[in-house]
Structure formats: C-alpha cells, structure tokens
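As structure tokens, the structure follows; a few thoughts come after it.
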Amino acid sequence: MSSVRDILVIDDEPVVLQGVERICRGEGLAVDTATGGVTGLQQLEKHAYRLILCDIMMEDLDGFGFLAESRRRGNRSPVVLASGYSTGENAIRSLQCGAFDYVAKPFTADELMAVIRRALNYSSLLAENPEALPATAPRAENIHRLGRVSWAASKLEGTVVIGVDDLFVNTIQGLRSVELAPVGAYLVQGTGCATIVSTDGLAHSVMCPVSGQVLQAHAEAAANISMIEKDPFGAGWLYRLLPSDLEYSFRCLTFPSDPIDQWQVHQKGETS
Amino acid sequence: MIRKTVGRKLTTAVGLTVLLIVSAFAYVNIRSHEESLLAEVERHAIQISQTVKSSTEYDMLLNEPNRIHEIIRRLGEEESIERIRIMNKAGKITYSSDVREIGKTVNSRAESCSRCHDVDPPLERLEMRARTRVFRRPNDSSRALGVITPIYNQPSCWTADCHAHPKSRKVLGVFDVVMPLAAVDADLRVGRIEIVVFAASAVLALSLITAFFVRRWVSEPVKQLVAATQRVAGGDLSQAIDETRRDELGLLARSFNHMTRKISEARLQLVQSDKLASLGRLAAGVAHEINNPLTGVLTYSSMMLRRARTPDEQEDLKVIVRETIRCRDIVKSLLDFARQSVPTKRESNINEAILRASSVVERQLSLSRIVVMKDLQPGLPHPVMDSNQMEQVFMNLIVNAADAIGPEGGKIVLRSSAVSLSPVGVVQIKHAVCPKRHNLIDGEVRFEGKPSIRIKARCDGQEGFIHFDPVYGNAAHRHGFICDDQKKAQFVCPECSTSLVSEGRTCPRCGGPVLTFEAPPKGFVETCTRKKCGWQRWMDIDAAGDREFIEIQVRDSGCGISAEELVKIYEPFYSTKGAKGTGLGLSVAWGIIDSHNGSIKVESMVGKGTTFTVRIPVKP
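Residue numbers (numbering that gives the first Met the number 0), protein chains in the order written: chain A, 0 to 271; chain B, 0 to 619.
Structure, rendered in structure tokens:
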C-alpha cells in the first residue's frame, strides 16, 4: 500500500460514481472509483482509503459481502453503505454488519457530505489513536444499540427511551441544534428520526433504533444541545416511545455482533 | 347406464318391502278365506248327512227301500248337493241320488272309502274331522267335498223284523254326501285376483309416492348442491344455494355456503397478498432502477445549487432538487406500501398473556406478601391482538395494584371472562365529521381519556361549545354555557357553521330536536340535543347486534384512588408514586387498549381497593 487516499466509491451505476466524484472533488477530496465489489477489493489492495462508500445491490459482490471481505482482509476504514432499495431492513442490517452508517439513494450533495464528514472525522480519530475507539459509555443491561448511531432502552412500564450514540456525537464537530419529531409522530426503525445540525451547517440524520409512537420528545435536550453532547446515554436522550413491536425491533438489533469490535478483539489477541 | 341414485335405491327398497308385506298379508288372507268357506260347506254337508240319516232311519227299520230311494233322489236334486249315496260294508251302493250306480260295488280303495279302508282291519270309528275329504273329480277335475257318515249297528237293527243285520257287525254301511266346490272356488278366484290387484297397486302407489318425496327432499337439493360444487370447482365462488330447508340437507347447504364464503375470503386474502407480493417485487425493482438515475439527478442538481451564484439560478435549481426529492419520496412510499410488514396483531390467547405478565412480577410480589389469585375462564375465544402489548397492559395494571397495596401485604385478583354486550354504552365514536367533512373529534376535552365530539351551539344570543361523550349511548354531555332546553338553539359545525340539526326529526323519547353527524366508516349517529334526555341512535352499530368481548379484571385490596385523582389517572406523567413512577404506566395501557378498540374502566373505594376492568373485542 503506497499511499493513503481519501475516498473509494464502489457502485455499478456510472452516473452515481460520477456524481459522487464531482461532489467530493468540489470539497477537495481525492476520489477513486470501482464499478463492483470485486474491483473494489482489488483497489483496496493497492491503496489505503480513509473512507469507503459502497452500494449494496451489485452483481458480482454485494455491499455486505464487500464489507465482510474487506474486514477479513484487515481493512479498518469506515464503510458507508448505500442502496436504492431503501428499506429500514437494509439500513439496520448495514449497521449491524459493521457499516459506519447507511445512506438511502438518491441523496443530495449535503446529505452525502454530512455522512462523509462524519466518516472522515472517525477515520482521523482512528488514525490518532489506533488502539482505542472513542470513549463508550458503560453498557447498561437493557440498552440495545443500533451500530454506533443510536440506542434504545426499554422501561418497565412498556415505553422505550431512545437516544444518539456517543460516537455519532463525537464524529460531528460542533453541534449547533437538534430537530425532533413531534409527540404522536410514528417513527420507523431504520429511518431517520432526528436531525442534528453541526456548526458547519450540515444536517446529520440519526437512524431510529426501534419503531414506535412518540410519547415524549426531550425538549430540554433540544433546547440545551450540550446535554446531548455531554451525556448522550443519560440526560441527553431524545424520545420516549410507545413501541409497536418491541420484541421484533430488538430481535433486529441483536443479530450479528459488531465486526469492528470483533476485529479489534482479534487484533489484540494477535499482538499480545 | 342407469345411475344408482339414492332415490332409485330407496324406491326399490320401499317397493320390495311393500311387495313382501302385502304378499304375506294376501297369502294369509286367501288361506283364511278359503278355510272359512270350506268350513261352511263342510258344516252344510254334515248337516245334510245327519238329516238324511235321521229321515231314512225309520224307513230302514221298516225295510222300505223305495221310500229311501225317493228321499235320496229328492235330496240329490238340491243344487248344493252333487250326490248322496248309501253303501253297505262290502262297498255295494244300495241307494244313490244317481240311479245308474245303484247296485255297483265301490272298490275299498276308492277315495270315499280310503279313510277307513287304508288300514287293515278297517277302522270302525271315524273322527268327525276325518270324515270330510276334498278331492278332484276325475271327469272335469273340479273340486268337490265329500262327507262320510258311518251307519253303526244298533239294537233296533238286529231286532228288526227284516233281520237284515246280525248283531256281531259294528258298522253296517256309510252315507256318502258329496257337495260341489265350484261356487266356492269361483269365489276364491275372485278374491285372489282382488288381493293381487290391491297388492300390485299398493306397491306401485307407495313406490311412486316414495319416488316423488325422495326427488323433492333429496334428489333436487342434492342436484343443486352438485351443481354448486361444480361451479365452485370451476372457480365461481359467488353462488350461494338455497339454505332455507330445515332438514339435514338444509344444514349441509348452510355449511356449504359457509364454506364457500370462507374460501372466497381466503382467496381474496391470497389474491391480495399475492398482489402485494408481486407489487413488492415490482417496487423493489423499480426503486432500485429509478433511484440510481435519480441519484445522478439529485447529486448533480444539489451540487450545482451549492455553487450557484445568481438568485435566478438558485431558484431554478431549487425546483429541480425539490422535485427530485419528491420523486424520491414517491418511490419510498411505494416501497413502504409494498413492504407493509405483517400485522403484529393476530388471534392470541389472552389468558396466556395474563399469565406471562403475572409470572414476570410474581416473585417480587410474593416477597411483598401479596397473593395473586387467578380466576381465568378456560376456553375463551381468541381476540385479535398484539399479545406483547397486551402483556404490557396487564403488567402495568398488576404493578400498579401491587404499589397500591403497600408493605403490609394484600391480595390481587385477576379475572378473565367472555361477555356479550349491547353496543350501547360500549362502542366508541372514534371519527365524527360534519356534512362538509370537518373533523368534530376534540382531543382537548376527554371523557375517561377518550376524545370528545365538539359541536358549536348558538342559543339566546350566546355561543359556545357542547362536548359529547364519544361512547355511544352515554348521556354525559358537557355544555360550555347555560342554555334552556325550551329555547330554540342552533347546533353547527365549529369549522364551517353548517347546521347539524335534522329538520323535521324529533327525539322519540322527549320530542326535542335531533342533531346528526357522520361517524365514518359506520354511518350516521343521531343524538338528542336536550341535555337531560341523552337519547342516541347509531343504526349501523345497532344493526350489528351484541358484540363479544373478553373482560379482564385486575382487583386489588389496596389503598384506593380518590375521586379527584380518578379523572387524571390516564393522563401522561400523572403519578401518585412520587419519584418511584414515571406516570406513564396507565397512559401506555390506555393507548394500547385504545388501539385494540377496547375499553378500560376503573372503580375504586378509598381504603378498600381498586378494580380495573379491561374489555377487548373478540373481533376487531
């Protein structure tokens, strides 16, 4: 691996590759493209990338296959999966398989840049301290996480409290405001449930970890954004929901464990 | 080929049975008829024999053969007598109505002699019955009846002057009377023919009657059923057969119609899910295919928008971005529609949900010296419900009950039962609109947690709102101002001021004006405007009749809830437990029950305890 490049974009649709390339170039980022999962893996052999943006539905090797294979080969770069088959299931599965985030196609330049900025920030954090991921709040028993994007905790009386993950907050540099859905709105697992606007004006969409109706939106946290910044697992929660099918939602969250964590365990085992 | 139909089989069986019975009857009848006729002839013959015997006896003793000949000849002329003769012991015919045979000797083996002379030595005494014989005459083979009367020796015979008979002889000779049976036989023939004709017509008539009723009661309905089965097999499920009959075939017809209805429902569902599945595949393909080019459009246009310098350019590009995002939303909603997830509500056992809920908290409760008693009715119908949510409801109610009991311990009773309730006082009006389809439901004012129906009233120069209890038949109306029932008032939609009062309609109970609003999708609700009356009618719901509910009660022996607190318990974040509770338990329970079209009711006495009653409709 001769050099570290910015972004590798993998998609079997030329117009998507060109569009993404144009946007990233406009932001001063160096972009390589690949037209399929297999060529993407070959590209990874030649260069290291700070970020990989990969389509899910591809002929030769799909996005999940690419993600698994690149991890197996020791690649640690954040992978953002994208799909035109924009269902909640695809989104959840992407995060569960260890993708950094998921974007539904079609996306605007701003939507794309928001996730790219966060992924690049994450990449920088990794580069600064390869041994440890950013601080993780102690994992309480009843907390279910959706990747490193959001979390949900069931309460005894049948409600669910959801919030944003610390890594999601840490990779946004400077929180400006948060936009929450109103009480009574129905949130769907795997789709955006809140938008956090960063100081650079980008709007970052937070993926909802469980489906349900909003009983309470945490207005205090919305008014005082530092609550989310300081204690995203506690005082900085976002919503209290009446879940529609909690068992099903949680089952979606408990399938395979995070490959990044696995990979780290594996690495530590080898070094020691 | 003749098919072996049930009708034919039954007709044949009935015909054969009748034939058998009538034949047996006819046989017995003919036999008894014959016997009685013969007995009559026999009696007659014996009587004649006796007459001849007694009328000739004197002449014999006087030895006057000519007189005897004369008597015999005269008797022989009688139509009912064929022949009378007297034979001596040797078989010589001494007297006869047939003069030609006088003096001839009859063989002792002849039919008239055989009774006694068949044995050797011949019988001297003959039983009365054995004296009679029926034989066929050799000349025309017609039947005749003969009666032999022996003439026994007696003192007057051997002491008579003629000395014709010695004392040693026992039998001197016999009278032989023969009577023709032609008339009797003719009578019997007619009787036989009559009986055969009667038997044949009985068999025919019964067979025809059986065939007629079998056709009417069995063949026709079976034919209909077969035709309907073939139509169903051919795919036509719309045909129903006549099910008005009250017999087993009517039952079969009802059952058949029920089956076709169920099949057509299932088929509809299948077609629907099939449609959804193919729509899903189509949508998945379309979403993927369209979203890729849309990505091109959206990335380029949004990028150009970021770089646009002049306001005109910005405006144009904003339109492109906005419309492309609209396309994205359309594709997304298509995808969402096609991928409607399977409903989480399904037919479930509510007792199991109660048991699961109580088992979660039971251990904790036993530590707090709380006894949970369960009185769950077995075999309850399975309501369509989300059993996880329902379990949550029961858990919240049990936890609340336990908290009300406190540290000194107590008792919680869980009861479940099936109830059938009239819709009045039970069914909630969830949607109400004015003729211009403005929403009349008001979530601000609630009756036991249920959003009320808000209607604007104008009366006596004042204007205000009336809130109606959304439960059908409940007369709890809240008036925002005072208006005398006797004054003319207007009731209008709060949005468009369209009058809701039905002109010309009056309340059947109090005669007051009636207002009407639509309760989609279930027709119209009429309600009396007078606050003291409370009359309401909802035709569509009334027509549906009583509804089946599962009723679950959670009763505790706890501290109870005061009247002031009772009105607030379903409000979110209202808690009496201080820092211990979130104040959401009951509002969550209320929300879940509401989404199941059920109801929750609370009764409480401070210091005695509280009972929560949940009712879930069996059919949603």
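The beta-carbon is built from N, C-alpha and C at its ideal position, and this holds for glycine as well. Just so it is clear, the structure is predicted and the values come from calculations on it, not from any experiment.
- Item | Chain-ordered chain B contacts of A/A98 [CB-CB under 8 Å] | By Cβ distance, chain B contributes nothing, its closest Cβ being about 18 Å from A/A98, past 8 Å.
- Query: What do you get for B/L144, buried or exposed, if any count of 16 or more other CB atoms within 10 angstroms of its CB means buried?
  - Reply: Taking every protein chain shown into account, the CB of B/L144 has 16 or more other CB atoms within 10 angstroms, so this residue is buried.
- Task: Report yes if the C-beta distance between A/S197 and A/I171 is below 8 Å; otherwise report no.
- Result: Contact annotation: A/S197 and A/I171 have beta-carbon atoms nearer than 8 Å.
- Task: State the CB to CB distance for the pair B/V40 and B/L180, rounded to an integer number of angstroms; the pair is presumed to be in contact (CB under 8 Å).
- Result: 7 Å
- Task: Pick helix, strand or coil for A/G173, following the three-state DSSP scheme.
- Result: coil
- Euclidean distance between Cα positions of B/D175 and B/V133: 13 Å
- Cβ pair B/R453, B/D468 closer than 8 Å: no
- Task: Using a Cβ-Cβ cut-off of 8 Å, state whether B/M302 counts as contacting chain A.
- Result: yes
- Message: Can you check whether the C-beta of A/A108 is within less than 8 Å of a C-beta belonging to chain B?
- Response: yes
- Query: Where does A/V78 land, buried or exposed, given buried means 16+ other C-beta within 10 angstroms?
  - Reply: A/V78 should be labelled buried.
- Query: Which residues in the same chain as B/N438 place their Cβ atom closer than 7 Å to its Cβ, once the five residues preceding and following it in sequence are excluded?
  - Reply: V432
- Expressed to the nearest angstrom, what Euclidean distance is found between the alpha-carbon atoms of B/G606 and A/G235? 41 Å
- Task: Using only alpha-carbon positions, find the residue among B/I353, B/E390, B/H381 and B/L379 that is nearest to B/M372.
- Result: B/I353
- Task: To the nearest angstrom, report how far apart B/W534 and B/R508 are at their CA atoms.
- Result: 7 Å
- Task: Compare the C-alpha of B/D97 against each of B/S561, B/L379 and B/I85 and name the closest.
- Result: B/I85
- Message: Assuming the contact rule is C-beta atoms closer than 8 Å, B/K435 and B/H478 should be a hit. Round their C-beta distance to whole Å, please.
- Response: Their Cβ separation, rounded to whole angstroms, is 24 Å, which puts B/K435 and B/H478 out of contact at 8 Å.
- Shortest alpha-carbon distance to A/G173 belongs to which of A/H203, A/F232, A/C192 and A/D54? Of A/H203, A/F232, A/C192 and A/D54, the residue nearest in Cα terms is A/H203.
- Item | Partner residues on chain A for B/R327, Cβ-Cβ distance less than 9 Å | S85, A103, K104, P105 and F106
- Task: Would you decide whether B/L621 is buried or exposed? Buried here means 16 or more other CB atoms lie within 10 Å of its CB.
- Result: Outside the displayed span of chain B (0 to 619) sits residue 621 of chain B, for which this structure offers no information.
- Item | Close beta carbons around A/V102, own chain, < 7 Å, minus the five adjacent residues each side | V79, A81, E110, L111 and V114
- Query: Under the rule that 16 or more other beta-carbon atoms within 10 Å means buried, what is A/N141, buried or exposed?
  - Reply: exposed
- Closer than 8 Å, CB to CB, is A/V19 near chain B or not? yes
- Task: Within the same chain, show all residues whose beta-carbon is closer than 6 Å to that of B/T612, passing over the 5 residues directly before and after it, in chain order.
- Result: Answer for B/T612: Q552 and K600, listed in chain order.
- Within-8 Å CB hit, B/Y299 to chain A: At a cut-off of 8 Å, the C-beta of B/Y299 has a neighbouring C-beta in chain A.
- First and last residue of the uninterrupted beta strand (DSSP E) at B/M372: I369 to L375 is the span of the beta strand (DSSP E), which, as asked, contains B/M372.
- Amino acids of chain A, ordered along the chain, whose beta-carbon sits closer than 7 Å to that of B/P292: V14
- Message: In this structure, how does DSSP classify B/E550 when only helix, strand and coil are distinguished?
- Response: strand
- Item | Rounded C-alpha distance that separates B/V270 from B/S498 | 44 Å
- CB-CB length for B/C506 against B/C527, believed under 8 Å: 4 Å
- Chain-ordered neighbours of B/H287 on chain A, where CB pairs are closer than 7 Å: M56, G83 and Y84
- Query: Is A/H46 closer than 8 Å to A/D31 when the C-beta atoms are compared?
  - Reply: In this structure, A/D31 sits near A/H46, with a CB-CB distance shorter than 8 Å.
- Taking buried to mean at least 16 other C-beta atoms within 10 Å of its own C-beta, is B/P137 buried or exposed? exposed
- Task: Could you confirm whether any beta carbon from chain A is found closer than 8 Å to the beta carbon of B/T323?
- Result: yes
- Item | Beta-bridge partners of A/Y101, as assigned by DSSP | A/L80
- Query: How would you call B/G408, buried or exposed, if buried means at least 16 neighbouring beta carbons within 10 angstroms?
  - Reply: By the neighbour-count rule (16 or more Cβ atoms within 10 Å), B/G408 is not buried but exposed.
- Query: Between A/T34 and chain B, is there a C-beta pair that is closer than 8 Å?
  - Reply: no
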